[in-house]
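These protein sequence lines map, in sequence, to chains A and B.
Counting in my numbering, the first sequence runs from 5 upward without gaps.
Counting in my numbering, the second sequence runs from 5 upward without gaps.
Just so you know, even glycine gets a beta-carbon here, dropped at the ideal spot from N, CA and C.
Okay, structure first, notes after.
There are 2 protein chains.
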Amino acid sequence: MKQLQVSLGERSYPIFIGRGLMQNQALWLPFIKGRQACVVSNDVVAPLYLESVRQALTGKQASECILPDGESNKSLQVLSRVYDHLLAENHNRTTTLIALGGGVVGDMCGFAAASYQRGVDFVQMPTTLLSMVDSSVGGKTGVNHPLGKNMIGAFHQPVCVVADLALLDSLPEREYAAGMAEVIKYGLISDAPFFDWLEENINGLMARDPELLAEAVYRSCVNKANVVAEDEREGGRRAILNLGHTFGHAIETAEGYGNWLHGEAVAAGMVLAMMLSCELGDLPQSVLGRGRSLLEAAGLPVLPPANMSVDQFLQLMGRDKKVLDGRLRLVLLKSLGEAYVSSDTGVEQIAKVLRSAGVSV
Amino acid sequence: MKQLQVSLGERSYPIFIGRGLMQNQALWLPFIKGRQACVVSNDVVAPLYLESVRQALTGKQASECILPDGESNKSLQVLSRVYDHLLAENHNRTTTLIALGGGVVGDMCGFAAASYQRGVDFVQMPTTLLSMVDSSVGGKTGVNHPLGKNMIGAFHQPVCVVADLALLDSLPEREYAAGMAEVIKYGLISDAPFFDWLEENINGLMARDPELLAEAVYRSCVNKANVVAEDEREGGRRAILNLGHTFGHAIETAEGYGNWLHGEAVAAGMVLAMMLSCELGDLPQSVLGRGRSLLEAAGLPVLPPANMSVDQFLQLMGRDKKVLDGRLRLVLLKSLGEAYVSSDTGVEQIAKVLRSAGVSV
Chain A
5 MKQLQVSLGE RSYPIFIGRG LMQNQALWLP FIKGRQACVV SNDVVAPLYL
55 ESVRQALTGK QASECILPDG ESNKSLQVLS RVYDHLLAEN HNRTTTLIAL
105 GGGVVGDMCG FAAASYQRGV DFVQMPTTLL SMVDSSVGGK TGVNHPLGKN
155 MIGAFHQPVC VVADLALLDS LPEREYAAGM AEVIKYGLIS DAPFFDWLEE
205 NINGLMARDP ELLAEAVYRS CVNKANVVAE DEREGGRRAI LNLGHTFGHA
255 IETAEGYGNW LHGEAVAAGM VLAMMLSCEL GDLPQSVLGR GRSLLEAAGL
305 PVLPPANMSV DQFLQLMGRD KKVLDGRLRL VLLKSLGEAY VSSDTGVEQI
355 AKVLRSAGVS V
Chain B
5 MKQLQVSLGE RSYPIFIGRG LMQNQALWLP FIKGRQACVV SNDVVAPLYL
55 ESVRQALTGK QASECILPDG ESNKSLQVLS RVYDHLLAEN HNRTTTLIAL
105 GGGVVGDMCG FAAASYQRGV DFVQMPTTLL SMVDSSVGGK TGVNHPLGKN
155 MIGAFHQPVC VVADLALLDS LPEREYAAGM AEVIKYGLIS DAPFFDWLEE
205 NINGLMARDP ELLAEAVYRS CVNKANVVAE DEREGGRRAI LNLGHTFGHA
255 IETAEGYGNW LHGEAVAAGM VLAMMLSCEL GDLPQSVLGR GRSLLEAAGL
305 PVLPPANMSV DQFLQLMGRD KKVLDGRLRL VLLKSLGEAY VSSDTGVEQI
355 AKVLRSAGVS V
């Protein structure tokens, strides 16, 4: 098992990475301080893993709240079912919620924990590659609003993250690849040696070699933890984690949440961000080429959807959280492993890059 | 003008107390850091004061979100209208919300600020005595759930509190008295000299003498700020602020939010808590007598509603947030000005006190 610590003062917490951790109650049960616990999961994950978690919750007064699967259910309306459940089952302020699922479950359960009785503990048990390397680390929680993604939420750190790699054995190919997009992102934004390592090992990783996978998840979490420790509430540096996300959110919104997986939209978005970085003269074309090739080797899209227009992109990007006082902030690359946030990008430059990526006018 | 500071490290903020402060934009406008602002108010307060606030927001891109008045509207459903408004008006992460109203508006606006785009700034502009001395100080925000009061929320501190005492001139008698219940509470729990002062000046205070009122609000805020500074997230000492509140919440829930005002329910609840303190042998009967007399002099109820039963009380108290791992925690008095939290009170002792206060079996 690998282990690392996210350093956030009194909100610090460990991430455990390895196979069979879900059944290893000695590892994570001590993080549940009270007598009560509630497993929040969805109707796809629960039939597979809920029983294992329940059995591990020895001596706890446990209940479960099963939500409908899918990004379209990441809403205030579905979230309110969690509150209903917790109150109906008399969960008090010492309860601990356990997020058993992917990013949607983690974000919703995390926000429920942030807001139930003004805040209770929660454990992240990510069941997808994407959530292991991204959403379960860093404390971003929330739900979507019809007018934008993640518009309602809070920063709320888990008490620990249990990343059981055995759960990835049964993950569908497409979801596995989508998770790999975020893994590759860490190489691009902050870890050139990791990018090199990914290039060398992408075939073994896509074959889900256990040793390689453990290393990839570990190094992704180390990179994310370092960035988050520097800037917990996204005042500055943390924004580099959003490489490709402003373009990506526009794609997800236009196509409908879930039709393009988050990781797929981010993959195409990262290519656009790299193209823009090249256009601005910062990034060598060779890095763009290597990034695109690695994403393709992971089975990810490297072009935006054919049915989107430049205007649609620009409009949807303007509604993004990353707009500060009316200026569009984009994450760009200076070189491989070095990202920065720019507010200087003009609409015309973005439009030019979109057109050259085949987006219609 | 009086001013004090709530000391919470990087979340510290000032409270300004005086007449005409709402129009004094030089005082509070510097606390709005971005270009955008949104005034959140209700349909009773807005016609009276919204225009003054708007005029003070010189140079800001301001909008307003007016909610229906009343505790029954302190719900997730009504809260979601604030999110709808903020998104429709393109408020970004640098916006500042301004809570212009009583406790309901303050709690809802505060929680909207805590959760909009994972947290934005907000200013408290309390318009009632109760909210000036209680809810606008301390960072508790949230909404009610059909199964319990304030069950969904967050700790989120304002950037400043502007308590304009001129607004109290037109406050209805009953609401003014309800606010005085919390003022008296500070004397009971942590400030015996203040209690003495209140006894001496209660008639002048009820006549709304400006000097006396300013002093009462100031000393209430000082007491609250001291307790909050010691225990921001209610891990321990902060709970003493809830003297009478567990009984009071049971009354509010049983009678329907708003039929008994919060301060009225707290007044009757404080008498019950003092009776229980006497029953347990801690508190001299003389303090109970003085507390009851002062509350009566402020025009407040000192007996629970006639239509509640002992069982109803006990059941509703069990659903309160102040229950830790199944044990009912109650705030009791050791002496005048000295409160403590007890988990040792038996159901039978509570029932006995309720019966002796005239509650039916």
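Can you find a C-beta in chain A that's less than 8 Å from the C-beta of A13/B?
-> According to the sequence provided, residue 13/B is Gly. The question's Ala does not apply to it. With 8 Å as the cut-off, G13/B does not count as an interface residue toward chain A.
Return helix, strand or coil for G146/B, following the three-state DSSP convention.
-> strand
Selection of the stretch 127-153 of chain A by Cβ proximity to chain B, strictly under 9 Å | K144, T145, G146, H149, P150, L151 and G152
Could you check where the alpha helix (DSSP H) with P51/A kicks off and where it finishes?
-> A50 to A60
Report, in whole angstroms, the separation of the C-beta atoms of L337/A and L287/A, which I expect to be a contact under 8 Å.
-> 5 Å
At least 3 beta-carbon pairs within less than 8 Å: the stretch 156-167 of chain B vs the stretch 127-141 of chain A | no
Kindly list, in the order they appear in chain A, the residues whose Cβ is closer than 9 Å to that of Y87/B.
-> L80, H149, L151, M155 and I156
Excluding sequence positions up to five away, which residues of its chain have a Cβ less than 6 Å from the Cβ of G252/B?
-> A269, V270 and G273
Along the chain, which unbroken stretches of the alpha helix (DSSP H) at least 4 residues long are found entirely within the stretch 68-145 of chain B?
-> 80-92, 107-119 and 133-137
Could you check the C-alpha separation between G106/B and T131/B for me, to the nearest Å?
-> 5 Å
Cβ-based neighbour list, F199/A, same chain, cut-off 7 Å, excluding 5 preceding and 5 following = G191, L192, L340 and G341
Element boundaries [beta strand (DSSP E), containing L8/B] | K6 to V10
Where do the ends of the alpha helix (DSSP H) carrying P197/A lie?
-> A196 to M210
Three-state secondary structure (DSSP) at S45/B?
-> strand
Proximal chain B residues relative to Q7/A, where beta-carbon distance stays under 9 Å = Neighbours of Q7/A on chain B: none; closest Cβ ~28 Å, over 9 Å.
Beta strand (DSSP E) containing P18/B: first to last residue?
-> Y17 to G22
Three-state secondary structure (DSSP) of L33/A | helix
Which one of D315/A, Q7/A and R39/A has the shortest CA to CA distance from T99/A?
-> R39/A
Assess, as a yes-or-no matter, whether the stretch 278-297 of chain B is touched by the stretch 220-240 of chain B under the definition of 3 or more beta carbon pairs within less than 8 Å.
-> no
Answer yes or no: does any C-beta atom of chain A fall closer than 8 Å to that of S45/B?
-> no
Check each candidate in D138/A, E236/A, A116/A and S140/A and name the one with the smallest Cα separation from V147/A.
-> A116/A
On a CA-only basis, which of S84/A, Y344/A, L298/A and A60/A is nearest C69/A? Give me that one, please.
-> S84/A
Based on the DSSP output, what are the partners of Q27/B in its beta bridges?
-> None, per the DSSP bridge assignment.
Pick from E219/A, T62/A, L332/A and V57/A that is closest to S346/A, judged by C-alpha positions = L332/A
Which of helix, strand or coil does DSSP assign to D348/B?
-> coil
Where K37/B and S67/B are concerned, what is the direct C-alpha to C-alpha distance, given to the nearest angstrom?
-> 16 Å
Contacts of G107/A in chain B (Cβ-Cβ under 7 Å) | Going along chain B, no residue has its Cβ under 7 Å from G107/A, so there is no contact; the nearest lies around 15 Å.
Cβ-based burial, Q237/B [other Cβ within 10 Å; buried from 16] | Here residue 237/B turns out to be Arg, not Gln, going by the sequence shown. It is exposed - the Cβ of R237/B has fewer than 16 other Cβ atoms within 10 Å.
Along chain A, which residues have their Cβ under 8 Å away from the Cβ of F159/B?
-> R122 and G123
Among E300/A, K6/A, F20/A and G350/A, which has the Cα closest to the Cα of S140/A?
-> F20/A
Taking only beta-carbon atoms, is S76/A less than 8 Å away from chain B?
-> no
What does DSSP give as the partner residues of I156/B in its beta bridges?
-> Y120/A and V147/B
Can you tell which of Y87/B, V108/B, Y53/B and V86/B has its C-alpha closest to the C-alpha of G74/B?
-> V108/B
Separation of R122/A from D3/A, as counted between CA atoms = Outside the displayed range of chain A (5 to 365) lies residue 3/A, so it cannot be described from this structure.
Unbroken beta strand (DSSP E) run spanning L336/A, endpoints | L334 to S339
Out of curiosity, what's the CA-to-CA distance linking V57/A and N46/A?
-> 14 Å
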